[in-house]
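Undergrad:
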Amino acid sequence: MSEQSRRPRKPVKPYRRPQKDPVRMLAFDALRAVDERDAYANLVLPPLLRKAREKGDFDARDAALATELVYGTLRRQGTYDTVIAACVDRPLREVDPPVLDVLSLGAHQLLGTRIPTHAAVSASVELARVVLGDGRAKFVNAVLRKVAQDDLDGWLEKVAPPYDEDPEDHLAVVHSHPRWVVSALWDSLGGPRAGIEDLLEADNERPEVTLVARPGRSTTDELLREEAAVEGRWSPYAVRLTEGGEPGLIEAVREGRAGVQDEGSQLVALALANAPIDGPDEKWLDGCAGPGGKAALLGALAAERGAALLASEKQPHRAGLVAKALDGNPGPYQVIAADGTRPPWRPGTFDRVLMDVPCTGLGALRRRPEARWRRRPEDLDSFAPLQRALLRTALDSVRVGGVVGYATCSPHLAETRAVVGDVLKQYQDAELIDARPLLPGVPALGEGPDIQLWPHMHGTDAMYLALIRRTG
Numbered sequence: 037m038s039e040q041s042r043r044p045r046k047p048v049k050p051y052r053r054p055q056k057d058p059v060r061m062l063a064f065d066a067l068r069a070v071d072e073r074d075a076y077a078n079l080v081l082p083p084l085l086r087k088a089r090e091k092g093d094f095d096a097r098d099a100a101l102a103t104e105l106v107y108g109t110l111r112r113q114g115t116y117d118t119v120i121a122a123c124v125d126r127p128l129r130e131v132d133p134p135v136l137d138v139l140s141l142g143a144h145q146l147l148g149t150r151i152p153t154h155a156a157v158s159a160s161v162e163l164a165r166v167v168l169g170d171g172r173a174k175f176v177n178a179v180l181r182k183v184a185q186d187d188l189d190g191w192l193e194k195v196a197p198p199y200d201e202d203p204e205d206h207l208a209v210v211h212s213h214p215r216w217v218v219s220a221l222w223d224s225l226g227g228p229r230a231g232i233e234d235l236l237e238a239d240n241e242r243p244e245v246t247l248v249a250r251p252g253r254s255t256t257d258e259l260l261r262e263e264a265a266v267e268g269r270w271s272p273y274a275v276r277l278t279e280g281g282e283p284g285l286i287e288a289v290r291e292g293r294a295g296v297q298d299e300g301s302q303l304v305a306l307a308l309a310n311a312p313i314d315g316p317d318e319k320w321l322d323g324c325a326g327p328g329g330k331a332a333l334l335g336a337l338a339a340e341r342g343a344a345l346l347a348s349e350k351q352p353h354r355a356g357l358v359a360k361a362l363d364g365n366p367g368p369y370q371v372i373a374a375d376g377t378r379p380p381w382r383p384g385t386f387d388r389v390l391m392d393v394p395c396t397g398l399g400a401l402r403r404r405p406e407a408r409w410r411r412r413p414e415d416l417d418s419f420a421p422l423q424r425a426l427l428r429t430a431l432d433s434v435r436v437g438g439v440v441g442y443a444t445c446s447p448h449l450a451e452t453r454a455v456v457g458d459v460l461k462q463y464q465d466a467e468l469i470d471a472r473p474l475l476p477g478v479p480a481l482g483e484g485p486d487i488q489l490w491p492h493m494h495g496t497d498a499m500y501l502a503l504i505r506r507t508g
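For the sequence shown, this note's numbering gives the first residue as 37, with consecutive numbering after it.
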């Protein structure tokens with residue numbers, strides 16, 4: 037008998053079927069939808085959570101953890117990619133996307149939550165066994181064990197370039213934004229390092245849910261009766277839900293008398309509505325009305341004055357959302373599907389015009405964290421002609437003595453002041469008016485006459501507004 041045959045054989049472990057963790061499975065499914073279908077997490081996640089609750093798999097704590105895993109992973113994706121890259125022996129582009137999603141979920145649990153290390157690794161490996169198979173689960177285990185060797189601060193010391201050598205790249209890695217976005221936001225914000233770091237960090241915080249009580253249909257007193265509801269900071273119609281919650285369960289929201297709307301968007305509508313004009317105040321236009329939040333508030337404000345609102349939206353399905361938001365408005369309104377660059381109405385028709393133009397959305401990265409990874413600098417070039425054309429339409433559509441509000445949910449100078457400055461060169465009979473006095477009590481609005489709101493200063497999306505009066 038050979039020496040080898042005399043050795044005792046190691047017992048073979050019986051195969052154990054991987055255990056499905058409903059929370060992490062749901063988080064993985066949401067990330068795959070974001071990656072594969074270019075979906076937005078704020079649209080994908082709610083129906084997944086609703087379905088899980090209906091099946092009886094989830095309670096409130098499970099839903100909260102799944103939400104944190106999805107949004108936390110997306111917000112810190114750039115940082116986690118840099119850490120993971122330091123732990124694998126190949127370029128990240130050669131790692132299959134589903135594997136990278138599992139690794140990113142694991143990295144977030146290890147570096148961005150209080151989940152114990154052993155639980156974060158074992159849960160991630162178990163998820164990998166379910167969705168990837170045993171072979172790639174071993175790879176996930178090996179990588180995450182390397183990630184677990186240090187905390188987030190320790191990893192940033194290793195992988196982020198020194199600030200003194202490359203400030204923008206340092207901030208990009210530490211605060212998980214693409215470098216070009218860091219540069220653009222810094223240019224728009226100006227000021228010292230502390231300001232841009234505060235802004236980037238605010239982008240990585242989970243925003244509160246903000247409601248709007250539509251005038252004549254609901255009141256803030258009604259909404260403040262909800263659990264953990266407090267008054268808004270700046271808008272007289274705003275109520276904040278400090279502990280999140282599901283707005284769809286609130287009666288006023290279900291009935292359309294109130295809605296979910298960032299306070300920055302409310303302030304833009306209020307500033308336009310309160311701007312002084314010469315002459316009648318009877319006809320208002322929302323020229324890019326989808327999905328309907330500002331239109332609903334404008335319609336309610338117009339109704340209080342006996343004015344009528346025309347809400348125009350190019351995409352028919354978005355026009356349908358506008359109609360739903362305005363349904364039940366106490367005053368006259370009309371919703372149409374029309375191209376704002378080729379308007380069906382006559383020039384000089386309106387007293388007030390809002391043009392909240394399509395943009396890169398860099399001002400709403402708190403709410404749509406995946407947008408920072410999808411946008412490219414060249415997107416600015418594709419939006420620029422449309423933004424200018426829509427502002428020209430707005431100026432043509434307002435009568436002499438009336439006011440136009442040009443708004444974007446982006447603070448990028450190429451989408452804000454550059455657009456306004458270029459278009460106003462073509463209109464000698466139009467002038468900027470100071471928008472700041474129209475938002476009393478709101479601090480840090482800049483040098484004017486336009487307004488730029490900021491997440492870290494105002495707790496709002498980074499909305500921009502310029503008000504322009506036709507003078508002749």
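Glycine included, every Cβ here is placed at the ideal spot set by N, Cα and C.
#1: Ends of the beta strand (DSSP E) at alanine 249?
#2: Shorter than 7 Å, the distance from the beta carbon of valine 304 to the closest heavy atom of the ligand HEM, or not?
#3: Pick out whichever of Thr246, Asp223 and Val245 has its Cα sitting closest to the Cα of leucine 235.
#4: Any chance the segment 354-364 sits against the segment 377-388, with 3 or more Cβ pairs inside 8 Å?
#5: Name the DSSP bridge partner or partners of glutamine 370?
#6: May I have the straight-line CA-CA distance separating leucine 416 from tryptophan 216, to the nearest angstrom?
#7: Where does the unbroken beta strand (DSSP E) through aspartate 322 begin, and where does it stop?
#8: Roughly how many angstroms lie between the CA atoms of glutamate 263 and glycine 495, to the nearest whole one?
#9: Among Asp322, Gly367, Pro243 and Gly114, which residue has its Cα nearest to the Cα of asparagine 78?
#10: Within 10 angstroms of the Cβ of glutamate 406, are there 16 or more other Cβ atoms? Answer buried if so, exposed if not.
#11: Look up threonine 444 in the DSSP assignment and say whether it is helix, strand or coil.
#12: Using three-state DSSP, classify glutamate 282 as helix, strand or coil.
#13: How is the alpha helix (DSSP H) around tyrosine 107 delimited, first residue to last?
#14: Taking DSSP as the reference, what is the three-state secondary structure of proline 491?
#15: Using only alpha-carbon positions, find the residue among Val439, Ala66 and Glu241 that is nearest to histidine 211.
#16: Have a look at aspartate 186 and valine 70 and give me their C-alpha separation to the nearest angstrom.
#17: Would aspartate 57 and leucine 163 be called neighbours here (beta carbons separated by less than 8 Å)?
#18: Using CA atoms only, rank isn't needed, just tell me which of Asp74, Gly148 and Arg428 is closest to glycine 323.
#19: Would you report the Cα separation of alanine 359 and arginine 293, rounded to the nearest angstrom?
#20: In terms of residues, what are the limits of the alpha helix (DSSP H) holding valine 176?
#21: Run through DSSP, which three-state label would isoleucine 313 get?
#22: What is the C-beta distance between tryptophan 270 and valine 478, in whole angstroms, given that I count them as a contact (C-beta under 8 Å)?
#23: What are the residues that DSSP puts in a beta bridge with glycine 142?
#24: Considering Cα atoms alone, identify which of Gln488, Val434 and Arg472 is closest to glycine 508.
#25: Quick check on the DSSP output: the alpha helix (DSSP H) that includes methionine 61 runs from which residue to which?
#26: Since leucine 105 and arginine 73 are thought to touch, with beta carbons under 8 Å apart, how far apart are those beta carbons, to the nearest angstrom?
#27: Cα separation between valine 289 and arginine 250?
#28: Look at the alpha carbon of leucine 101 and the alpha carbon of arginine 261, and state the distance between them as a whole number of angstroms.
#29: DSSP on alanine 265, reduced to helix/strand/coil?
#30: Out of Gly441, Tyr107, Gln488 and Met493, point me to the one whose CA is closest to leucine 468's CA.
#31: If you count every other CB in all the chains shown that lies within 10 Å of the CB of proline 368, and 16 or more means buried, which is it?
#32: Is it buried or exposed for serine 446, if we count other Cβ within 10 angstroms and need 16 for buried?
#33: Give every residue of the same chain whose Cβ lies closer than 7 Å to the Cβ of aspartate 470, excluding the five residues on either side of it in the sequence, and list them in chain order.
#34: Since alanine 339 is in the alpha helix (DSSP H), which residue starts that stretch and which ends it?
#35: Starting from glutamate 233, trace the beta strand (DSSP E) in both directions and tell me its first and last residue.
#36: Is it a yes or a no for the segment 118-138 touching the segment 168-178, going by three-plus beta-carbon pairs under 8 Å?
TA: Let me spell this out:
#1: 245-249
#2: Absence of the ligand HEM from the depicted structure is noted, as is the absence of any ligand whatsoever, leaving it without description.
#3: Asp223
#4: no
#5: Leu346
#6: 12 Å
#7: 319-322
#8: 21 Å
#9: Pro243
#10: buried
#11: strand
#12: coil
#13: 96-111
#14: helix
#15: Glu241
#16: 29 Å
#17: yes
#18: Arg428
#19: 14 Å
#20: 170-183
#21: coil
#22: 5 Å
#23: For glycine 142, which the question treats as bridged, DSSP gives no partner whatsoever.
#24: Val434
#25: 58-73
#26: That belief does not hold up - the Cβ atoms of leucine 105 and arginine 73 are roughly 19 Å apart, past 8 Å.
#27: 10 Å
#28: 27 Å
#29: strand
#30: Gly441
#31: exposed
#32: buried
#33: Gly484 and Pro485
#34: 329-340
#35: Not the beta strand (DSSP E): glutamate 233 falls in the alpha helix (DSSP H), residues 229-239.
#36: yes
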